[in-house]
Structure formats: structure tokens, C-alpha cells
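> Sequential numbering of the sequence shown, starting at 1, is according to full-length UniProt numbering.
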Amino acid sequence: MDTVLNLLEPLGLIYDDVGSQILDNVDPGSVTRAWSEGWFMSDFRSAGYVATAYVLFVVFGSMIFKLPFVPKIDPYPLKFLYNMSQMMMCAYMTLEALLVAYRSNYTFLPCQAFDIVNPPVGNILYIFYLSKIWDFWDTIFIVIGKKWNQLSFLHVYHHTTIFLFYWLNSRVNFDGDIYLTIVLNGLIHTVMYTYYFVSMHTKIPAKLAKDGKSGTSVPIWWKSVLTMQQMVQFCCMMTQAVYLLATECAQPPKIITQVYLVYIFSLLLLFAQFFVKSYMKPKKKSKKA
1 MDTVLNLLEP
11 LGLIYDDVGS
21 QILDNVDPGS
31 VTRAWSEGWF
41 MSDFRSAGYV
51 ATAYVLFVVF
61 GSMIFKLPFV
71 PKIDPYPLKF
81 LYNMSQMMMC
91 AYMTLEALLV
101 AYRSNYTFLP
111 CQAFDIVNPP
121 VGNILYIFYL
131 SKIWDFWDTI
141 FIVIGKKWNQ
151 LSFLHVYHHT
161 TIFLFYWLNS
171 RVNFDGDIYL
181 TIVLNGLIHT
191 VMYTYYFVSM
201 HTKIPAKLAK
211 DGKSGTSVPI
221 WWKSVLTMQQ
231 MVQFCCMMTQ
241 AVYLLATECA
251 QPPKIITQVY
261 LVYIFSLLLL
271 FAQFFVKSYM
281 KPKKKSKKA
């Protein structure tokens, strides 16, 4: 164990330096970062290690499972528990964020009060940040199940960057307007994992199916609806960011809002590209011999 830690130390020092530079740029007076100082996964070294391990798993895990003699692993039993846990966790975070917003008299318009000492949104935002680590199981199931069509740049980019961005939020942007992103993202993921759970674990009886064969209980067009919901979510988040920049709210720091706007726009473009490719372009018909 000591050998592993010694090998990781140079990388850890780099992450320490990167984390310090990020925080110094967005919170130069150390005004907000003290709130979560010393919490589990609050340092960029830990977040960097996790993100690096995730990317390395994607690269080397894919190489290993693409070998012809390595069998795929059926994750069905684990996915049953995983999808259920995600349904409950995402629903909880959504409802908790809504309750906090109600008790704090938040509105849909930006510039909510930001409490540095006792932030109403702070605890649920921290849980939301940690939940992004749990989301990595999506990728693990794809790799061990050899579902290579699902392992796209969008998938890996989304999972890696959203985790790192919420590390930043947990340090310096943990109250006030951030509640809306928890509500929107939590609601979308509640619907998404409910869809996964229902479509994976229930089947239409053959006598009720149009083609006379047993199939999933949820129509396939629901996938396109989920993607559209994601894009609507991004548009709402971008609207909030533009409003924040236009009104020059005291919190969050302007640079965070600017980076956030660019980042969410990149996700919108990638999801739109995926939507067009998956649901709008005509499928190529296979040639019959």
C-alpha cells in the first residue's frame, strides 16, 4: 500500500497545485471555500484520483473486455439494485432541494441569498456531488457487458466533467441559485432510471404485444423523449446562467457562471448531435443475401 501511495504522490502534488490554482481564481479571498474544507472528497487531489481512475478504467477496461477470449459479464442482478438505488436517491435529492428552496423562499429567478456559514443548500449539494461517483457504475456495466455502442465520447465526457464541475460547486458555489440544477438534474435522472428499471425488469406478455412477441414494457420512443428532456434541462440551466451574468449577482463568482454556461452549451451540442444521429437520421437497411 505504501508503494502505491509513493507512486501516486507526484500526481497528487500536481492535483494539489491545480486545485489551489482553480480555487484561487474563482475564490481569490478564500471567502467561501472554508465551509467544506477537510470534508471527504473535498480536496482536488481526491477528485482528481477518482476521475483519473475512471478514465483509465474506460481505456484499459475496454481493451481487456474487447479481447476475444474475455467473456462479457451479465450485470443484471447488480443493475436491478443499482437502478432502484438511483431512482430513490435522485428522487430524494430532487425533493430535498425543492423543500430547501421552499423553506428559504427561493424563486425561479436568480440572485437567491447565499449563506457562507450555514448554507441551506450546502448539504444536499455535497450529497449531489458524491452521487456523481455512484453514477460511474453506468460505465462499468457498459464495459463488462460489452455494450460498446453505448460507450461514446458523450458518455465519458459527461460523466467525467460533471463530477469535476460539482467538486468545484461543493467548494465555492454550494448555496442559493445552485438549487435549481439539483432539482432539474435530479428530476431528469429520476425519470431516466425509472425508465431503465421498468424497461429492463418488466416485459409485455406475448399475447398483448403487436408483433406477438414478448418485449419491453416501455415503448422505444421513450428514449428520444428522455434525450429531449435532457436538452430542455440544459436550456433552462443556460437561461439561468445568462440571467445571472446579466444581473451581476453577488454569488456565484462571475467566472464560475461563465465557465458553467460554456460547459452546459457543450453538453447541449453533444446531446443534440446524439439525438439527430439516433432518432432523426434514417436507419441503414441491412442488405439481404
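C-beta atoms are modelled at their ideal positions from N, C-alpha and C, and glycine is treated no differently. Here the structure is a predicted model, which is why all the values come from computation and not from measurement.
With H, G and I counted as helix, E and B as strand and the rest as coil, what does DSSP make of T160?
Three-state result, T160: helix.
> With a floor of 3 residues, list each beta strand (DSSP E) that falls wholly inside the region 125-181, ordered by position along the chain.
For the region 125-181, not a single whole beta strand (DSSP E) run of length 3 or above is found.
> Could you have a look at Q251 and say whether DSSP puts it in helix, strand or coil?
Here Q251 sits in coil by DSSP.
> Go ahead and pull the three-state DSSP assignment for W222.
The answer is helix: DSSP assigns W222 an H, G or I state.
> Looking at C-alpha atoms only, which residue of C236, T247 and L168 is the closest neighbour of E37?
With distances taken between Cα atoms, E37 lies closest to L168.
> Is the beta carbon of V242 closer than 8 Å to that of L261?
It is a contact, given that the beta carbons lie within the stated cut-off.
> Which term fits G19, buried or exposed, when burial requires 16 or more other beta carbons within 10 angstroms of its beta carbon?
With 16 or more other Cβ atoms within 10 Å, it is buried.
> Using only alpha-carbon positions, find the residue among T32, T52 and T94 that is nearest to I14.
Selected option, being the one with the closest Cα: T52.
> Apart from the five residues on each side of it in sequence, which residues of its chain come closer than 8 Å, Cβ to Cβ, to F271?
Counting only Cβ-Cβ distances below 8 Å, and skipping sequence neighbours, we find L154, T227, Q230, M231 and F234.
> DSSP state of residue 295, grouped into three classes?
Within the shown structure, residues of the chain are numbered from 1 to 289, placing residue 295 beyond reach of any answer.
> So T184 packs on C249, CB below 8 Å; how close in whole Å?
Inspection of the sequence shows that residue 184 is occupied by Leu rather than by Thr. Wrong, their Cβ atoms sit about 19 Å apart, outside the cutoff.
> Give every residue of the same chain whose Cβ lies closer than 7 Å to the Cβ of M84, excluding the five residues on either side of it in the sequence, and list them in chain order.
Same-chain partners within the cutoff: F197.
> With three or more beta-carbon pairs closer than 8 Å as the criterion, would you say the region 32-51 touches the region 119-139?
Yes, the region 32-51 touches the region 119-139.
> Within the 8 Å Cβ cut-off, does S170 reach chain B?
Absent from the structure is chain B; it holds one protein chain and no more.
> By how many angstroms is the C-alpha of Y102 removed from the C-alpha of G145?
So the alpha carbons of these two residues sit roughly 42 Å apart.
> Only counting the same chain, and skipping five residues up and downstream in sequence, which positions put a Cβ closer than 7 Å to that of I162?
Within the same chain, I162 has close Cβ partners K132.
> For I124, collect the residues of the same chain with a Cβ closer than 7 Å to its Cβ; drop the 5 residues on either side in sequence, then sort them by chain order.
Counting only Cβ-Cβ distances below 7 Å, and skipping sequence neighbours, we find M93, E96, A97, V100 and I182.
> Locate the alpha helix (DSSP H) running through A51, then write down its first and last residues.
First-last of the alpha helix (DSSP H) with A51: F44 to L56.
> Specify the secondary structure class of K66 as computed by DSSP and reduced to three states.
Reduced to three states, the DSSP call for K66 is coil.
> Report the CB separation of residue 291 from K72 in whole angstroms; it is logged as a contact under 8 Å.
The structure shown does not extend to residue 291, since the chain is modelled only from 1 to 289, so the question has no answer here.
> With a threshold of 16 other CB atoms inside 10 Å of the CB of Q258, please say whether the residue is buried or exposed.
Its Cβ having fewer than 16 others within 10 Å, Q258 is exposed.
> Determine the DSSP secondary structure at W35, reduced to helix, strand or coil.
If DSSP states are grouped into helix, strand and coil, W35 belongs with the helices.
> Quick check on S106: does DSSP put it in helix, strand or coil?
It is Tyr, not Ser, that sits at residue 106 in the sequence shown. Of the three classes helix, strand and coil, the one that applies to Y106 here is coil, per DSSP.
> Report the residue from L23, E9, P10 and L180 whose alpha carbon sits nearest the alpha carbon of F255.
Contrary to the premise, residue 255 reads as Ile rather than Phe in this sequence. Cα-wise, what sits closest to I255 is L23.
> Our contact map puts F136 next to Y82 with C-beta atoms below 8 Å; I'd like the distance itself, whole angstroms only.
Not a contact, Cβ separation roughly 11 Å.
> Would you identify the three-state DSSP class for D16, choosing helix, strand or coil?
Helix, per DSSP.
> Judging by CA-CA distance, which residue of M87, V172, A246 and Q251 is the nearest neighbour of Y126?
The shortest Cα separation from Y126 among M87, V172, A246 and Q251 belongs to V172.
> If I'm right that P119 touches W35 with Cβ under 8 Å, what's the distance once you round it to whole angstroms?
So it is a contact: roughly 7 Å between Cβ atoms.
> Measure the alpha-carbon distance for M88 versus Y76 and round it to whole angstroms.
So the alpha carbons of these two residues sit roughly 18 Å apart.
> Closest by CA to I188, which one among G122, W148, P28 and W222?
With distances taken between Cα atoms, I188 lies closest to W222.
> So, using beta-carbon positions, are V50 and V156 closer together than 8 Å?
Not closer than 8 Å, so no.
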